[in-house]
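Undergrad: The sequence shown begins at 1 in the working numbering and counts up by one.
Note that the Cβ used here is the ideal one computed from N, Cα and C, for glycine as well.
A single structure is presented below for examination.
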Amino acid sequence: MSKRAVGVAFCTLATVLYISRYFYTVLFYQGVTRSDGFYERWLNFLGEGPLFWATICVGVGILYLIWAEFEDIINNLALKLSNKTKITLIKFWNDLRK
Numbered sequence: 001m002s003k004r005a006v007g008v009a010f011c012t013l014a015t016v017l018y019i020s021r022y023f024y025t026v027l028f029y030q031g032v033t034r035s036d037g038f039y040e041r042w043l044n045f046l047g048e049g050p051l052f053w054a055t056i057c058v059g060v061g062i063l064y065l066i067w068a069e070f071e072d073i074i075n076n077l078a079l080k081l082s083n084k085t086k087i088t089l090i091k092f093w094n095d096l097r098k
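Listed below in structure tokens is the structure:
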């Protein structure tokens, strides 16, 4: 699976988690004839867990998307370089790793 697909999957999961909190609240709220803060109490009852995990998932998704774009830019630059430049960069990289 490509990094872009993983990034989009994490962002989609974040959306589902974010919406689930409100969906379940409305699901339980539909039979209530008066409000009296019932909606807010159900939101508090469900807690901040889905919101927390949605934030984590969207962060990971954005990082994966940035990583994919950065990798694509590096690969495109590597294709444009001459073979002599590539060999020089590889030698430089290997010297740094020693």
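Count the CB pairs spanning the region 66-80 and the region 23-37 that are closer than 8 Å, and state whether there are at least three.
TA: Taking 8 Å as the limit for Cβ pairs, the verdict is that the region 23-37 does not touch the region 66-80.
Undergrad: Just the Cα atoms here: how many angstroms apart are G31 and Y39?
TA: Answer to the nearest angstrom: the Cα atoms are 11 Å apart.
Undergrad: Helix, strand or coil: which one does DSSP assign to L81?
TA: Residue state, collapsed to three classes: coil.
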